[in-house]
Amino acid sequence: MLERNRNFQLLYPDVLGEVTGGIRIDMGQLQCALGIFPRQAFISQPFEALVVLQNMVNQPMQVKVAVRLPNADKKGAPAIIDTPKPQMALTLQPGEVGILHLPMIAQPPTQPGKEYPVRAAIRFRVADNAAPLRPASGGAPAAALEISPYKLHALREVDFKAEPWGESNDILTGYFDLAPHRLTDKIKFPDARYEPLWTRQQMPKEQALAQARIPQAHDLADGAAHPNSYGAFLAAVNQRFSARGFPLLPGEAAAIAKMMTYTLDDAPRLEQFAVDDTRWFTALCQVLAAHPELLEGELERGEIIAHYVFHEVLYEAVLMGFHVLEHDIKDNLGSQAERRAFADQLLGWLAGRGEANLNYVLLPLVLGGLSISRLVRSSKNENPWDIVDGLTDALHTRLQEADDSEYVVLHLLDGLLTKHTTALRSQRINRP
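The number in the working numbering is simply the position in the sequence shown, starting from 1, with 3 added.
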């Protein structure tokens, strides 16, 4: 049913996301982002390309980063951008996260201008037996960084980008501007350097800080003590899928929000399992350890979880969706290992891996959301026909766009809608 974490096994923290605000290029076993600081510099003033690197696996990783600098401006005039070390090689330990500082300086006759491009080509090697330590979405936030809060705040001010060059995910592009002013004082060229942000040695501290937040996490996890989280999940679901280039139809978004709300608010009671064993509860403890101010803030419980623990709740909702759907359609929907693999694929797709697939939307989230739709109310005035009619409209739209690989799950949706329509009519429930 749901994924168990009986020994309170922490997720490796998403340090890159803490620094960049979630911006990242996902290369599978390595995630990265590129920023330029300051974004606008003067002629003869040093500035830096900052490359954040996050090792996603349990093996050491050999990484090479080469910076490519412009030799002309947009008008074709010559540009001289110097760097003391155009290429750096380093080893990231398992799970390690760090930042490369690659200094640059514009020299005369370079002219002032905007949008000078900087490209960072990133190559890495890792053992064939490397296994993931973090989910593709990055993981929970870090509470025990190797840098001060002030340094973290300064890094968050950098305008990080996740812009690949053409079709190459391993070449990142950033931009800087040159102001119409030149520094005349001689300034020492800073050294290229690597700065660790988080290593595995921080895990015991992360564990202690997260476990200290278990009581507060229990308070937030109690669905009966808080308002329904449907509205927060509906907004988050629409935003996340749209950001991935796959806007949901209204009925689909409503069904997924219902499935996530059921997983969070109702399933702990109705399905009789320990909340502590779920991935989302562990992540919530880590969130509260990293951001204790949330307990005193103005965000409601549903907003906190939908924003900070969205991927972990979605993961559990996939597993729960398979469970409730299997009971509804009386068919075998795969082993627990296969269901976990499907959940990981969905999270990977949301993080930027692969192409859009209607199956990620419908199975099991939409179908499961329809199965439990009567147990989760979107509002006091909701009519059971609302979700049925919304998904019927969605089915007709998707059938016009579907390819052969998607007809099977659309056929399942059609059959489930027929079953629910028959049940509503037999119960003499009228449309509003």
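Virtual Cβ for every residue (Gly too), placed ideally from N, Cα, C.
With DSSP as the reference, identify every bridge partner of residue 58, one or two as the case may be.
Assignment of beta-bridge partners to residue 58 by DSSP yields 33.
Practice task
Tell me whether residue 94 sits in a helix, a strand or coil according to DSSP, three-state version.
Solution key: Here residue 94 carries a strand assignment [DSSP, helix/strand/coil].
Leaving out five residues before and five after residue 168 in sequence, what residues of the same chain have Cβ atoms less than 6 Å from its Cβ?
Within the same chain, residue 168 has close Cβ partners 122, 174, 176.
* Asked: Do you know offhand how far residue 181's Cα is from residue 230's?
  -> Cα to Cα, residue 181 sits roughly 52 Å from residue 230.
What is the DSSP secondary structure of residue 229, reduced to helix, strand or coil? The three-state secondary structure of residue 229, taken from DSSP, is coil.
Q. Does the distance from the C-beta atom of residue 19 to that of residue 36 stay below 8 Å?
A. Contact: yes.
Extent of the continuous alpha helix (DSSP H) to which residue 331 belongs
Start and end: 313–332.
Take residue 72 as the anchor and find which of 179, 256, 202 has the nearest alpha-carbon.
If we check each option's Cα against that of residue 72, 179 comes out closest.
Determine the burial state of residue 411: buried for a count of at least 16 other Cβ atoms within 10 Å of its Cβ, exposed for fewer. Its Cβ having fewer than 16 others within 10 Å, residue 411 is exposed.
| query | Just checking, does the stretch 242–250 make contact with the stretch 201–214 on the three C-beta pairs under 8 Å criterion? | reply | Fewer than three pairs of CB atoms, one per stretch, sit closer than 8 Å, so the stretch 242–250 makes no contact with the stretch 201–214.
* To do: Measure how close the beta-carbons of residue 394 and residue 405 come, nearest whole angstrom, since I'm counting them as under 8 Å.
  => Actually they do not touch by this definition, with Cβ atoms about 15 Å apart.
Can you tell me the Cα-Cα spacing of residue 156 and residue 282, whole angstroms? Between the C-alpha atoms of residue 156 and residue 282 there is a straight-line separation of about 28 Å.
**OP:** Round the Cβ separation of residue 448 and residue 112 to the nearest angstrom and send it over; I've been treating them as touching at under 8 Å.
**Re:** Here the chain comprises residues numbered 4 to 435, so residue 448 is not present and cannot be evaluated.
- Item | Euclidean distance between Cα positions of residue 380 and residue 321 | So the alpha carbons of these two residues sit roughly 20 Å apart.
Notebook entry, point to check: What's the C-alpha gap between residue 236 and residue 309?
Noted result: CA-to-CA, the gap between residue 236 and residue 309 works out to about 6 Å.
So the beta strand (DSSP E) residue 127 belongs to, where does it begin and stop? Where residue 127 is concerned, the enclosing beta strand (DSSP E) stretches over 116–129.
How would you call residue 425, buried or exposed, if buried means at least 16 neighbouring beta carbons within 10 angstroms?
Burial check for residue 425: the Cβ neighbour count within 10 Å stays below 16, so the residue is exposed.
For residue 51, write down the residues that DSSP places opposite it in a beta bridge.
BP columns for residue 51 point to 40, 106.
*Roughly how many angstroms lie between the CA atoms of residue 334 and residue 298, to the nearest whole one?*
Rounded to the nearest whole angstrom, the CA to CA distance from residue 334 to residue 298 is 43 Å.
**Prompt:** Which of the three DSSP states, helix, strand or coil, is assigned to residue 162?
**Reply:** Reduced to three states, the DSSP call for residue 162 is strand.
Mind reading off the beta-carbon distance from residue 56 to residue 33? Whole number of angstroms is fine, and I expect it under 8 Å.
Contact between residue 56 and residue 33 holds: their C-beta atoms lie close to 7 Å from each other, under 8 Å.
What's the C-alpha gap between residue 274 and residue 227? Near 15 Å, if we compare the C-alpha coordinates of residue 227 and residue 274.
Exercise. Which class does residue 178 belong to by DSSP, given the choice of helix, strand or coil?
Worked result: Strand, per DSSP.
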